[in-house]
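Down below is the structure, laid out as structure tokens.
Residue numbers (full-length UniProt numbering): 1 to 122.
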């Protein structure tokens, strides 16, 4: 049973469902029905793909990047405090626990006298 005029989509679906063959061929030798079948399959595939969200895309990207950047900055500052600043503070505390300024002054005077940059009588 040849399909002669496939104008509406329901007729196309009915012809595809019954398996009717089209005897008319175009110049390349491909039947009209096979071309319709391919285009219908492509249309069904295109309908399955969701449309991209374009409205508010920049605002949502900026919001996401601000949140990610804030978390990254906070984690880096916390890591710097724990691994660098706290260790430096501990080293300074340990140094000044047994620091004696009088002993340090005597050492400095001896060094300056030995280099000749300071004379005690002047």
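Built from N, CA and C at the ideal position, the CB exists for glycine as well.
| Query | Result |
| --- | --- |
| Beta-carbon proximity list for residue 68, same chain, < 7 Å, skipping 5 on both sides | none |
| Residue 119 - DSSP class collapsed to helix/strand/coil | coil |
| Span separating the alpha-carbon of residue 93 from that of residue 54 | 57 Å |
| 9 Å Cβ cutoff, residue 76 in contact with chain E | The displayed structure is made up of one protein chain only, and chain E is not part of it. |
| Residue interval of the alpha helix (DSSP H) (run including residue 80) | 57-80 |
| Residue 83 to residue 101 span [Cα, whole Å] | 30 Å |
| Coarse secondary structure for residue 52, derived from DSSP in three states | coil |
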